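Structural data, given as C-alpha coordinates:
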(Lines of atoms letter the chains of each structure in order from A; the text may use other names.)
(Lines give C-alpha, C1' and ligand atoms only; values in the text may rest on other atoms or scores of the structure.)
Protein backbone atom coordinates (compact mmCIF):
# COMPACT_ATOMS: atom_id res chain seq x y z
CA UNK A 1 0.00 0.00 0.00
CA UNK A 2 0.98 3.60 -0.48
CA UNK A 3 3.08 5.09 2.32
CA UNK A 4 2.98 8.52 3.92
CA UNK A 5 6.39 9.53 5.21
CA UNK A 6 7.45 11.89 7.98
CA UNK A 7 11.20 11.62 8.50
CA UNK A 8 11.88 8.08 9.75
CA UNK A 9 8.20 7.19 10.27
CA UNK A 10 5.93 5.56 7.70
CA UNK A 11 2.37 4.37 7.90
CA UNK A 12 0.19 2.52 5.40
CA UNK A 13 -2.35 4.89 3.88
CA UNK A 14 -5.74 3.28 4.48
CA UNK A 15 -9.20 4.61 5.30
CA UNK A 16 -9.94 4.87 9.01
CA UNK A 17 -11.80 1.75 10.20
CA UNK A 18 -14.88 2.11 12.36
CA UNK A 19 -14.30 3.11 15.99
CA UNK A 20 -13.09 0.09 17.95
CA UNK A 21 -12.88 -0.49 21.68
CA UNK A 22 -9.15 -1.13 21.90
CA UNK A 23 -8.31 1.01 24.91
CA UNK A 24 -9.67 -0.58 28.09
CA UNK A 25 -10.86 2.76 29.45
CA UNK A 26 -13.10 3.48 26.45
CA UNK A 27 -16.79 2.54 26.66
CA UNK A 28 -18.20 -0.24 24.52
CA UNK A 29 -20.08 0.98 21.47
CA UNK A 30 -21.27 -2.25 19.91
CA UNK A 31 -22.77 -5.63 20.82
CA UNK A 32 -19.47 -7.22 19.92
CA UNK A 33 -16.25 -6.84 21.88
CA UNK A 34 -12.61 -7.33 20.97
CA UNK A 35 -11.53 -9.33 23.32
CA UNK A 36 -8.90 -14.22 28.92
CA UNK A 37 -11.72 -15.66 30.63
CA UNK A 38 -11.36 -18.90 32.61
CA UNK A 39 -7.56 -18.98 32.48
CA UNK A 40 -4.64 -19.00 34.92
CA UNK A 41 -1.39 -17.06 35.15
CA UNK A 42 1.00 -17.94 32.33
CA UNK A 43 4.36 -19.26 33.63
CA UNK A 44 6.79 -16.36 33.31
CA UNK A 45 9.37 -18.20 31.21
CA UNK A 46 6.86 -19.77 28.81
CA UNK A 47 5.68 -16.80 26.72
CA UNK A 48 8.88 -15.16 25.38
CA UNK A 49 7.16 -14.29 22.11
CA UNK A 50 4.24 -12.44 23.74
CA UNK A 51 4.48 -8.66 23.46
CA UNK A 52 2.40 -5.93 25.02
CA UNK A 53 1.33 -2.89 22.99
CA UNK A 54 0.83 0.46 24.68
CA UNK A 55 -0.49 3.74 23.37
CA UNK A 56 0.36 6.80 25.48
CA UNK A 57 1.25 4.38 28.32
CA UNK A 58 -2.15 2.64 28.05
CA UNK A 59 -2.16 -1.10 27.37
CA UNK A 60 -4.57 -1.83 24.54
CA UNK A 61 -3.46 -4.87 22.53
CA UNK A 62 -0.96 -7.73 22.38
CA UNK A 63 1.20 -9.16 19.62
CA UNK A 64 3.68 -11.89 18.73
CA UNK A 65 7.40 -11.51 18.05
CA UNK A 66 8.34 -13.04 14.68
CA UNK A 67 11.99 -11.99 14.50
CA UNK A 68 14.10 -9.19 16.03
CA UNK A 69 12.48 -6.55 13.82
CA UNK A 70 8.87 -7.63 13.33
CA UNK A 71 5.80 -8.13 15.51
CA UNK A 72 2.48 -9.54 14.28
CA UNK A 73 -0.81 -8.24 15.67
CA UNK A 74 -4.37 -7.48 14.58
CA UNK A 75 -5.06 -4.72 12.05
CA UNK A 76 -7.81 -3.32 14.27
CA UNK A 77 -5.06 -2.50 16.79
CA UNK A 78 -4.13 0.55 14.73
CA UNK A 79 -3.82 3.78 16.67
CA UNK A 80 -6.64 5.26 14.57
CA UNK A 81 -8.98 3.93 17.26
CA UNK A 82 -8.47 7.21 19.12
CA UNK A 83 -10.20 10.13 17.39
CA UNK A 84 -7.46 12.59 18.34
CA UNK A 85 -4.83 10.31 16.86
CA UNK A 86 -6.62 10.13 13.51
CA UNK A 87 -5.66 13.74 12.93
CA UNK A 88 -1.97 12.98 13.33
CA UNK A 89 -0.58 9.77 11.90
CA UNK A 90 2.88 10.81 13.08
CA UNK A 91 1.47 10.92 16.61
CA UNK A 92 0.05 7.43 16.20
CA UNK A 93 3.41 5.94 15.32
CA UNK A 94 5.54 7.86 17.76
CA UNK A 95 3.34 6.76 20.67
CA UNK A 96 2.85 3.04 19.93
CA UNK A 97 5.15 1.39 22.46
CA UNK A 98 6.14 -2.26 22.20
CA UNK A 99 7.15 -4.06 25.39
CA UNK A 100 8.93 -7.40 25.11
CA UNK A 101 9.89 -9.86 27.85
CA UNK A 102 7.20 -8.39 30.11
CA UNK A 103 5.28 -10.43 32.67
CA UNK A 104 4.00 -8.16 35.41
CA UNK A 105 2.67 -4.85 34.14
CA UNK A 106 3.27 -3.28 37.55
CA UNK A 107 6.61 -4.73 38.68
CA UNK A 108 9.81 -4.82 36.64
CA UNK A 109 11.69 -8.11 36.47
CA UNK A 110 14.69 -6.69 34.64
CA UNK A 111 13.94 -8.86 31.61
CA UNK A 112 11.85 -6.25 29.78
CA UNK A 113 12.86 -4.61 26.52
CA UNK A 114 11.25 -1.49 25.13
CA UNK A 115 10.82 -0.61 21.48
CA UNK A 116 8.53 1.43 19.27
CA UNK A 117 6.58 0.91 16.06
CA UNK A 118 8.69 2.50 13.34
CA UNK A 119 6.28 1.31 10.67
CA UNK A 120 2.82 -0.24 10.76
CA UNK A 121 1.58 -2.33 7.84
CA UNK A 122 -2.04 -3.48 8.03
CA UNK A 123 -3.21 -6.01 5.47
CA UNK A 124 -4.27 -3.96 2.42
CA UNK A 125 -7.73 -5.57 2.39
CA UNK A 126 -8.47 -5.17 6.10
CA UNK A 127 -12.07 -4.14 6.62
CA UNK A 128 -14.96 -4.27 9.05
CA UNK A 129 -17.68 -6.67 7.94
CA UNK A 130 -20.40 -4.21 8.91
CA UNK A 131 -20.55 -0.58 9.97
CA UNK A 132 -22.03 -1.19 13.41
CA UNK A 133 -19.95 -4.11 14.67
CA UNK A 134 -16.43 -5.23 15.46
CA UNK A 135 -16.26 -8.17 13.08
CA UNK A 136 -13.23 -8.00 10.82
CA UNK A 137 -11.85 -9.55 7.66
CA UNK A 138 -8.09 -9.69 6.94
CA UNK A 139 -7.49 -8.55 10.52
CA UNK A 140 -3.71 -8.81 10.55
CA UNK A 141 -0.91 -6.26 10.77
CA UNK A 142 2.87 -6.12 10.97
CA UNK A 143 4.84 -3.70 13.16
CA UNK A 144 8.48 -2.94 12.38
CA UNK A 145 10.45 -2.32 15.55
CA UNK A 146 13.03 0.32 16.32
CA UNK A 147 15.26 -0.60 18.03
CA UNK A 148 15.16 -4.32 17.19
CA UNK A 149 14.69 -6.89 19.93
CA UNK A 150 17.63 -8.76 21.44
CA UNK A 151 17.02 -12.44 22.05
CA UNK A 152 17.23 -13.65 25.66
CA UNK A 153 15.56 -16.44 27.63
CA UNK A 154 12.58 -14.08 27.98
CA UNK A 155 12.49 -12.65 24.45
CA UNK A 156 12.21 -15.21 21.65
CA UNK A 157 10.25 -15.50 18.37
CA UNK A 158 7.37 -17.89 17.75
CA UNK A 159 7.39 -20.20 14.73
CA UNK A 160 4.93 -19.70 11.87
CA UNK A 161 3.34 -22.48 9.85
CA UNK A 162 1.55 -22.99 6.54
CA UNK A 163 -0.37 -25.98 7.95
CA UNK A 164 -3.84 -25.11 9.20
CA UNK A 165 -4.89 -26.72 12.51
CA UNK A 166 -7.38 -29.57 12.56
CA UNK A 167 -10.71 -29.42 14.34
CA UNK A 168 -10.24 -30.41 17.99
CA UNK A 169 -6.58 -29.35 18.17
CA UNK A 170 -5.76 -28.12 21.67
CA UNK A 171 -4.32 -24.61 21.69
CA UNK A 172 -3.48 -21.85 24.16
CA UNK A 173 -4.51 -18.22 23.92
CA UNK A 174 -2.85 -15.67 26.19
CA UNK A 175 -2.88 -12.02 27.07
CA UNK A 176 -3.46 -9.29 29.63
CA UNK A 177 -7.10 -8.79 28.63
CA UNK A 178 -10.04 -8.57 31.01
CA UNK A 179 -10.74 -11.62 33.17
CA UNK A 180 -14.35 -10.61 33.88
CA UNK A 181 -17.18 -10.24 31.39
CA UNK A 182 -19.71 -8.69 31.38
CA UNK A 183 -19.70 -7.60 35.05
CA UNK A 184 -17.18 -4.79 34.75
CA UNK A 185 -13.71 -5.19 33.35
CA UNK A 186 -10.86 -6.42 35.56
CA UNK A 187 -7.44 -6.39 33.94
CA UNK A 188 -4.76 -8.69 35.42
CA UNK A 189 -1.23 -7.62 36.32
CA UNK A 190 0.23 -10.73 34.67
CA UNK A 191 -0.78 -12.49 31.44
CA UNK A 192 -3.40 -15.21 31.62
CA UNK A 193 -3.32 -18.44 29.60
CA UNK A 194 -6.29 -20.63 28.77
CA UNK A 195 -6.47 -23.89 26.82
CA UNK A 196 -9.15 -24.03 24.15
CA UNK A 197 -9.88 -26.20 21.11
CA UNK A 198 -10.13 -25.48 17.40
CA UNK A 199 -13.80 -25.44 16.40
CA UNK A 200 -14.95 -26.28 12.88
CA UNK A 201 -15.87 -23.33 10.70
CA UNK A 202 -19.26 -24.94 10.12
CA UNK A 203 -20.06 -24.69 13.82
CA UNK A 204 -18.59 -21.20 13.91
CA UNK A 205 -20.64 -20.06 10.93
CA UNK A 206 -23.76 -21.26 12.73
CA UNK A 207 -22.75 -19.11 15.71
CA UNK A 208 -22.02 -16.05 13.55
CA UNK A 209 -24.08 -16.28 10.33
CA UNK A 210 -22.54 -14.59 7.29
CA UNK A 211 -19.54 -13.42 9.31
CA UNK A 212 -16.97 -16.24 9.33
CA UNK A 213 -14.80 -16.59 6.21
CA UNK A 214 -12.16 -19.10 5.14
CA UNK A 215 -9.48 -16.66 6.35
CA UNK A 216 -10.66 -17.05 9.95
CA UNK A 217 -10.52 -19.88 12.45
CA UNK A 218 -12.55 -20.35 15.60
CA UNK A 219 -11.50 -21.69 18.97
CA UNK A 220 -13.11 -22.14 22.36
CA UNK A 221 -15.05 -24.64 24.44
CA UNK A 222 -18.64 -25.07 23.33
CA UNK A 223 -19.92 -25.28 26.92
CA UNK A 224 -18.50 -21.79 27.48
CA UNK A 225 -16.41 -20.38 30.31
CA UNK A 226 -13.08 -20.07 28.48
CA UNK A 227 -12.24 -17.42 25.91
CA UNK A 228 -10.10 -14.48 24.95
CA UNK A 229 -11.66 -11.12 25.85
CA UNK A 230 -11.25 -7.35 25.63
CA UNK A 231 -7.62 -6.29 25.77
CA UNK A 232 -6.38 -9.60 24.32
CA UNK A 233 -6.79 -8.37 20.74
CA UNK A 234 -3.81 -9.05 18.50
CA UNK A 235 -2.41 -11.73 20.78
CA UNK A 236 -1.37 -15.25 19.79
CA UNK A 237 -3.31 -18.48 19.54
CA UNK A 238 -0.56 -21.09 19.95
CA UNK A 239 -1.03 -24.70 18.82
CA UNK A 240 1.80 -27.25 19.08
CA UNK A 241 4.33 -24.45 19.66
CA UNK A 242 3.33 -22.67 16.45
CA UNK A 243 1.42 -19.46 15.85
CA UNK A 244 -1.94 -20.42 14.35
CA UNK A 245 -4.16 -17.45 15.08
CA UNK A 246 -4.38 -13.77 16.01
CA UNK A 247 -7.12 -12.71 18.44
CA UNK A 248 -9.63 -10.82 16.30
CA UNK A 249 -13.26 -10.71 17.44
CA UNK A 250 -16.09 -12.50 19.20
CA UNK A 251 -19.37 -12.03 20.98
CA UNK A 252 -20.16 -10.10 24.14
CA UNK A 253 -20.15 -11.19 26.91
CA UNK A 254 -17.04 -13.25 26.26
CA UNK A 255 -16.93 -17.02 26.89
CA UNK A 256 -20.59 -17.74 26.11
CA UNK A 257 -21.64 -21.29 25.30
CA UNK A 258 -21.64 -22.00 21.55
CA UNK A 259 -19.94 -18.65 20.85
CA UNK A 260 -16.25 -19.42 20.19
CA UNK A 261 -13.68 -16.71 19.68
CA UNK A 262 -12.76 -15.78 16.11
CA UNK A 263 -9.12 -15.55 15.08
CA UNK A 264 -7.23 -14.52 11.96
CA UNK A 265 -5.92 -17.79 10.53
CA UNK A 266 -2.14 -17.55 10.12
CA UNK A 267 -1.86 -20.37 7.56
CA UNK A 268 -3.93 -18.24 5.17
CA UNK A 269 -1.59 -15.26 5.46
CA UNK A 270 1.87 -16.82 5.61
CA UNK A 271 2.75 -15.71 2.07
CA UNK A 272 1.65 -12.11 2.80
CA UNK A 273 3.71 -12.06 6.00
CA UNK A 274 6.82 -13.44 4.32
CA UNK A 275 6.54 -11.23 1.24
CA UNK A 276 5.95 -8.08 3.29
CA UNK A 277 8.94 -8.71 5.52
CA UNK A 278 11.16 -9.67 2.56
CA UNK A 279 10.17 -6.44 0.81
CA UNK A 280 11.71 -4.40 3.62
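Numbering (the UniProt record's numbering), first residue to last: 1 to 280.
Even glycine gets a Cβ: it sits at the ideal position worked out from N, Cα and C.
These figures come from a predicted structure and were not determined experimentally.
* **Beta-carbon separation (whole angstroms), residue 144 vs residue 70, contact threshold 8 Å** => Position 144 of the chain shown, counted from the first residue, corresponds to residue 144. Position 70 of the chain shown, counted from the first residue, corresponds to residue 70. That belief holds up - the Cβ atoms of residue 144 and residue 70 are roughly 6 Å apart, short of 8 Å.
* Counting only the same chain and skipping the five closest in sequence on each side, list residues whose C-beta sits under 6 Å from that of residue 193. => Position 193 of the chain shown, counted from the start, is the residue given in the question as residue 193. Excluding sequence neighbours, residue 193 sits near 39, 42, 172, 174.
* Asked: Exposed or buried, residue 162, counting other C-beta atoms within 10 Å across all chains shown (16 or more means buried)?
  -> For this step, residue 162 is matched to residue 162 along the chain shown. Exposed is the call here.
* Look at residue 259 and residue 207 and say whether their C-beta atoms are less than 8 Å apart. => Along the chain shown, one-based indexing puts residue 259 at 259. Along the chain shown, one-based indexing puts residue 207 at 207. Contact annotation: residue 259 and residue 207 have beta-carbon atoms nearer than 8 Å.
* Please look up how many angstroms separate the CB atoms of residue 141 and residue 58, rounded, as I've assumed it's under 8 Å. => Here residue 141 refers to the residue found at position 141 of the chain shown. Here residue 58 refers to the residue found at position 58 of the chain shown. At roughly 18 Å, the Cβ-Cβ gap does not stay under 8 Å, so residue 141 and residue 58 are not in contact.
* Taking all protein chains shown into account, do 16 or more other C-beta atoms lie within 10 angstroms of the C-beta of residue 73, making it buried, or fewer, making it exposed? -> Counting from one through the chain shown, the residue named residue 73 turns up at place 73. Classification for residue 73: buried.
* To do: Could you work out which residue in 210, 209, 196 is closest to residue 261 when comparing CA atoms only?
  => Along the chain shown, one-based indexing puts residue 261 at 261. When each option's Cα is compared against that of residue 261, the closest is 196.
* Asked: Short check: CB of residue 268 to CB of residue 201, under 8 Å?
  -> Within the chain shown, the letter at position 268 stands for residue 268. Within the chain shown, the letter at position 201 stands for residue 201. No, Cβ-Cβ distance for residue 268 and residue 201 is not below 8 Å.
* Within 10 angstroms of the Cβ of residue 114, are there 16 or more other Cβ atoms? Answer buried if so, exposed if not. => Stepping through the chain shown from its first residue, residue 114 is reached at position 114. Counting of Cβ neighbours within 10 angstroms places residue 114 among the exposed residues, the total staying below 16.
* Asked: Which of helix, strand or coil does DSSP assign to residue 140?
  -> Residue 140 sits at position 140 when you count from the first residue of the chain shown. The three-state reading of DSSP puts residue 140 in coil, since its state is none of H, G, I, E or B.
* **Distance, residue 54 Cα to residue 166 Cα** => The count along the chain shown starts at 1 and reaches residue 166 at position 166. The count along the chain shown starts at 1 and reaches residue 54 at position 54. When rounded, the separation of the alpha-carbon atoms in residue 166 and residue 54 is 33 Å.
* Asked: Do residue 139 and residue 219 have their CB atoms nearer than 8 Å?
  -> In the chain shown, the residue the question calls residue 139 occupies position 139. In the chain shown, the residue the question calls residue 219 occupies position 219. For residue 139 and residue 219, no; Cβs fall outside 8 Å.
* Proximity test, residue 263 beta-carbon vs the ligand GTP heavy atom, cut-off 7 Å -> For the structure depicted, the ligand GTP is absent and the ligand set is empty, with no information on it obtainable.
* Separation of residue 101 from residue 112, as counted between CA atoms -> Looking up residue 112 in the chain shown gives position 112. Looking up residue 101 in the chain shown gives position 101. C-alpha separation (whole angstroms): 5 Å.
* Do the CB positions of residue 44 and residue 103 come within less than 8 Å of each other? -> Position 44 of the chain shown, counted from the first residue, corresponds to residue 44. Position 103 of the chain shown, counted from the first residue, corresponds to residue 103. Yes, the Cβ-Cβ distance between residue 44 and residue 103 is below 8 Å.
* Name the DSSP beta bridge partners of residue 75, please? -> In the chain shown, counting from the first residue as 1, residue 75 sits at position 75. DSSP, once it has assigned bridges, lists no residue as partnering residue 75.
* Quick one: what's got a C-beta closer than 6 Å to residue 169's C-beta in the same chain, skipping five residues either side? -> The sequence position of residue 169 within the chain shown is 169, counting from 1. So the list reads 198, 239, once near-sequence residues are dropped.
* May I ask you to report which of helix, strand or coil DSSP gives residue 134? => Counted from its first residue, the chain shown places residue 134 at position 134. DSSP places residue 134 in coil when its eight states are reduced to three.
* To do: Leaving aside the five residues before and after residue 146 along the sequence, list all residues of the same chain whose C-beta is less than 7 Å from its C-beta, in chain order.
  => Counted from its first residue, the chain shown places residue 146 at position 146. For residue 146, where only same-chain residues beyond five positions count, the Cβ hits under 7 Å are 115, 116, 118.
* What do you reckon, are the CB atoms on residue 270 and residue 245 nearer than 8 Å? -> Indexing the chain shown from 1 puts residue 270 at position 270. Indexing the chain shown from 1 puts residue 245 at position 245. The Cβ-Cβ distance between residue 270 and residue 245 does not fall below 8 Å.
* **residue 65 versus 212, 125, 158, residue with shortest Cα-Cα distance** => For this step, residue 65 is matched to residue 65 along the chain shown. Of the listed residues, the one whose Cα sits closest to residue 65 is 158.
* Every unbroken beta strand (DSSP E) inside the segment 237 to 268 [3 residues or more] -> Runs of the beta strand (DSSP E) inside the segment 237 to 268: 242 to 249, 261 to 265.
* Asked: Since residue 275 is in the alpha helix (DSSP H), which residue starts that stretch and which ends it?
  -> As a first step, residue 275 must be located in the chain shown, where it is residue number 275. DSSP places residue 275 in the uninterrupted alpha helix (DSSP H) bounded by 270 to 278.
* To do: With residue 201 as the anchor, note down where its alpha helix (DSSP H) starts and where it stops.
  => Mapped onto the chain shown, residue 201 falls at position 201. Looking at the DSSP string, the run of the alpha helix (DSSP H) that includes residue 201 is 201 to 207.
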